[in-house]
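Inspection log for the structure reproduced underneath, given as structure tokens.
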Amino acid sequence: MTVPTQPEERFYWDFDLPSDPFWQAVGWKPARMFFVCFSQAEINSMDLASKPAPSQSDKFELLLQQYEAASKTVGSSDSDYEKRNNLAMGRANLLPLLGRAEEGDAILKEMLAKPDPSGKPQIATMHNLATRVAERGDYAEAEMMVLELLPMEETDPRLGPHSPQALSLLRLLTEARYWLGKSELAKESFQRLVKLTDEAKETRFRKYECDEKELIDELVKKLGIDEWTH
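Written as structure tokens, this is what we have:
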């Protein structure tokens, strides 16, 4: 008897990039955040595709203008926190793509300085900042941030140790420790990453298995740690 295939779970971060040329040029990550911040009706009314923006950076500038305009009108009450936070995250993620990474980092730090009214930890903001810190080469701070954040992501009921988010932190931790000269700790992090990635095919995150393995391969090539895979 053939067992019917279970439909893949759709997670809150999943996003189908629109097929029109404007959004294809913008790319998945910046587009996804924009669609989080604005409704389809709002985006349609912006008519972004008709505006002169021949290059990708020109398109990023158009999105940034929309973020900044909306940020000026959003309220300051607790009920507006999510909208206000999403707009700030959108700007923070877009600015590095325009060569303004320090401004983006400053926004993330400002967000962390203003606690969520619900008392929840700002996991996404902390994750983005940890990634930015590692990208600029401050591996000691990145390691410290990941060690604080990883248990939060692994115990979050929406995520867990096999989630793409937690696995990305383990890649970041491996890289930070490698460049800090902590070879044994880096290898330990890497081996845990490989184990969890392999286990993920038996979890609700199984649809990401191929992508996660490709990211491990990229990490191995980047750090030259092929011997750790044997």
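Residue numbers (our numbering): 78 to 307.
No residue lacks a Cβ here, since even glycine has one placed at the ideal position from N, Cα and C.
Option nearest residue i by Cα separation, candidates the options
i, options, result
"E276", "A263, W305 and K290", "K290"
"G111", "K128, K136, S127 and A130", "Looking at the sequence itself, residue 111 is Phe, so the reference to Gly does not match. Nearest option by C-alpha distance: K136."
"S156", "E218, S195, R209 and K149", "S195"
The alpha helix (DSSP H) enclosing residue i, as first and last residue numbers
i, result
"R109", "W105 to C114"
"Y144", "Q133 to T150"
"P84", "Counting along the chain, P84 falls outside any alpha helix (DSSP H), and DSSP gives it neither H nor E."
"F267", "S260 to E276"
"R281", "Unbroken run through R281: none, as it is neither H nor E."
"I302", "First-last for I302: undefined, no H or E at that position."
"A201", "I200 to E212"
"D182", "A178 to L189"
"G167", "Y158 to L171"
"A219", "Y216 to T232"
"L250", "P241 to W256"
"A126", "That residue, A126, is in no alpha helix (DSSP H); it is neither H nor E in DSSP."
Cα-Cα separation between residue i and residue j, rounded to whole angstroms
i, j, result
"N163", "F115", "10 Å"
"M78", "P84", "Any reading at M78 must be qualified, since the residue scores a pLDDT of 44, below 50, and its modelled position is unreliable; no value is offered."
"K191", "T306", "42 Å"
"T232", "S127", "45 Å"
"F99", "N121", "13 Å"
"R248", "L270", "7 Å"
"N170", "R161", "14 Å"
"C287", "E86", "16 Å"
"P81", "K284", "Low confidence applies here, because P81 scores a pLDDT of 48, under 50, leaving its location unreliable and the question unanswered by this model."
"L140", "G214", "28 Å"
"K272", "Y158", "38 Å"
"E220", "G176", "25 Å"
Heavy atom of the ligand MN within 7 Å of residue i beta-carbon
i, result
"L94", "The ligand content of the structure shown is nil, which means the ligand MN is not present either."
CB contact check: residue i to chain B, cutoff 8 Å
i, result
"K191", "No chain B is present in this structure, which holds just one protein chain."
Is the number of C-beta pairs between the region 261-268 and the region 234-252 that are closer than 8 Å three or more?
yes
Pairing CB atoms from the region 187-204 with CB atoms from the region 225-243, are three or more of them under 8 Å?
yes
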